[in-house]
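**Student:** After the structure tokens below, expect a handful of questions from me.
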Amino acid sequence: MESSPIIAPSILAADFAHLASAVHDIEGAADWVHVDVMDNHFVPNLTIGLPVVQSLRKATSIPFDVHLMITDPERWAPGYAEAGAYNVTFHAEACENPVALAKTLRAAGAKAGLAIDRDTPVEPYLELLPYVDTLLIMTIKAGFGGQKFMPEMLDKVRDVRRRITAKNLEVRLEVDGGIAADTIEQAAEAGADAFVAGTAVYGAADPAEAIRKLRDLAANTPVRA
633 MESSPIIAPS ILAADFAHLA SAVHDIEGAA DWVHVDVMDN HFVPNLTIGL
683 PVVQSLRKAT SIPFDVHLMI TDPERWAPGY AEAGAYNVTF HAEACENPVA
733 LAKTLRAAGA KAGLAIDRDT PVEPYLELLP YVDTLLIMTI KAGFGGQKFM
783 PEMLDKVRDV RRRITAKNLE VRLEVDGGIA ADTIEQAAEA GADAFVAGTA
833 VYGAADPAEA IRKLRDLAAN TPVRA
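To convert, count from 1 in the sequence shown and add 632; that's our numbering.
Okay, structure coming up:
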């Protein structure tokens, strides 16, 4: 499947006191808004939860890409789908039955995403690709923004891209962690087609222009998976 690149700015890098304004700053430029939900259990950090997502959903028409870095996603993930999230991604490491949860999310009206953290091999999850809509490869260790991109994680991206291509699957291959103008081409070349960017967008003087530049870089990079 040939897909135009998706740029998903992470509001983890925005000013939490002005999240609605931060989302408005990327209207017309961003494809998705990436929302990092951390619970201080699965990862050693605490961010925002369902009430904030419900409120923020009313402030924009940009699709929400919710990334659940939480324990017990079976309990909490459906609520985000019901709140209007376009894509809800949960971690393989936190879920006993990813296929069942993916089906639940789809039934609730959302796309289903599966995330693979830095230290988790991707091979055991390749067989699950037909059951999800997004496969998210962490190019850092989940739990904190602002970390440096880890190019050694791109072997996972290549493995997933080869499987998606071989099976002709309609699955978005997303990368999250350290994505910026100097790293996005490496990720695109490995086969990623959705890119989470935090500091690279919200640390820029013009967030919308930063998004456009990132998209152009990704779109003009041939895949060499």
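From the three backbone atoms N, C-alpha and C, an ideal C-beta is built for every residue, glycine too. Just so we're clear, the structure is a prediction, and the values are computed from it rather than from any experiment.
What's the gap between the Cα of alanine 819 and the Cα of glutamate 806?
**Tutor:** Their Cα atoms are separated by approximately 9 Å.
**Student:** Does the distance from the CB of histidine 599 to the CB of threonine 692 come in under 8 Å?
**Tutor:** The requested residue 599 does not occur in the structure, where the chain is confined to residues 633 to 857.
**Student:** Counting Cβ pairs closer than 8 Å, one from the segment 721 to 737 and one from the segment 677 to 692, do we hit at least three?
**Tutor:** Verdict: no, contact absent.
**Student:** Please state the DSSP three-state secondary structure of methionine 633.
**Tutor:** Reliability of the predicted coordinates at methionine 633 is poor, the pLDDT of 46 falling under 50, and the value obtained from them is presented with this limitation in mind. Three-state result, methionine 633: coil.
**Student:** Between arginine 793 and aspartate 671, what straight-line distance do the alpha-carbon atoms span, to the nearest angstrom?
**Tutor:** Straight-line Cα distance between these residues: approximately 30 Å.
**Student:** Report, in whole angstroms, the separation of the C-beta atoms of threonine 721 and threonine 766, which I expect to be a contact under 8 Å.
**Tutor:** Confirmed, about 6 Å.
**Student:** What are the uninterrupted segments assigned as beta strand (DSSP E) that are 3 or more residues long and contained completely in the segment 721 to 797, given in chain order?
**Tutor:** Here the runs fully enclosed are 743 to 748 and 766 to 770.
**Student:** For alanine 832, which residues from the same chain have a beta carbon less than 7 Å from its beta carbon, with the 5 sequence-adjacent residues on both sides left out?
**Tutor:** Excluding sequence neighbours, alanine 832 sits near Ile811, Ala812, Ala813, Ala842 and Leu846.
**Student:** Let me make sure I understand the geometry here. Which of Ala649, Val698, Leu849 and Thr679 has the alpha-carbon closest to that of alanine 713?
**Tutor:** Closest by alpha carbon: Val698.
**Student:** Could you name the residues that DSSP lists as bridge partners for leucine 700?
**Tutor:** Leucine 700 pairs with Val669 and Phe722.
**Student:** I'd like to confirm the pairing. Which residues does DSSP put opposite valine 828 in its beta bridges?
**Tutor:** DSSP output for valine 828 lists Ala640 and Asp808 as bridge partner(s).
**Student:** Kindly give me the distance between the Cβ atoms of leucine 761 and valine 828, rounded to whole angstroms, as I take these residues to be in contact under 8 Å.
**Tutor:** Leucine 761 to valine 828, Cβ: 19 Å. No contact.
**Student:** Whole angstroms are fine: how far does the CA of alanine 774 sit from the CA of methionine 785?
**Tutor:** Methionine 785 and alanine 774: Cα-Cα distance of roughly 13 Å.
**Student:** Going by the CB atoms, is the gap between lysine 788 and valine 764 shorter than 8 Å?
**Tutor:** No, the Cβ-Cβ distance between valine 764 and lysine 788 is not below 8 Å.
**Student:** State the Cα-Cα distance for the pair threonine 815 and glutamate 821, rounded to the nearest angstrom.
**Tutor:** So the two alpha carbons sit approximately 10 Å from each other.
**Student:** Within the same chain, show all residues whose beta-carbon is closer than 6 Å to that of methionine 633, passing over the 5 residues directly before and after it, in chain order.
**Tutor:** With a pLDDT of 46 at methionine 633, under the threshold of 50, the predicted position of this residue should be treated as unreliable, though the coordinate-derived value follows. The answer, listed in chain order, is Glu802.
**Student:** So, is lysine 743 buried or exposed, given that buried needs 16 or more other C-beta atoms within 10 angstroms?
**Tutor:** When all chains shown are included, lysine 743 counts as buried.
**Student:** Count the other CB atoms within 10 Å of the CB of proline 705; is the residue buried (16 or more) or exposed (fewer)?
**Tutor:** Proline 705 should be labelled buried.
**Student:** Whole-angstrom Cβ separation of isoleucine 694 and tryptophan 664, contact assumed at under 8 Å?
**Tutor:** Yes, they are in contact, since the Cβ atoms of isoleucine 694 and tryptophan 664 sit about 7 Å apart, within 8 Å.
**Student:** Can you grab the Cα-Cα spacing for the pair glycine 777 / alanine 740, in whole Å?
**Tutor:** Using only the alpha carbons, I get a separation of about 29 Å.
**Student:** Does proline 854 pass the burial test, meaning 16 or more other C-beta atoms within 10 Å, or should it be called exposed?
**Tutor:** Per the 10 Å Cβ criterion, exposed.
**Student:** Identify the residues that DSSP records as bridge partners of leucine 678: which are they?
**Tutor:** Bridge partners of leucine 678: Asp671.
**Student:** Return the chain-ordered list of same chain residues with a C-beta closer than 7 Å to the C-beta of arginine 738, the five sequence neighbours on each side being excluded.
**Tutor:** The answer, listed in chain order, is Ala744.
**Student:** Candidates Asp825, Arg856 and Ala857: which alpha carbon is nearest serine 635's?
**Tutor:** It is Asp825.
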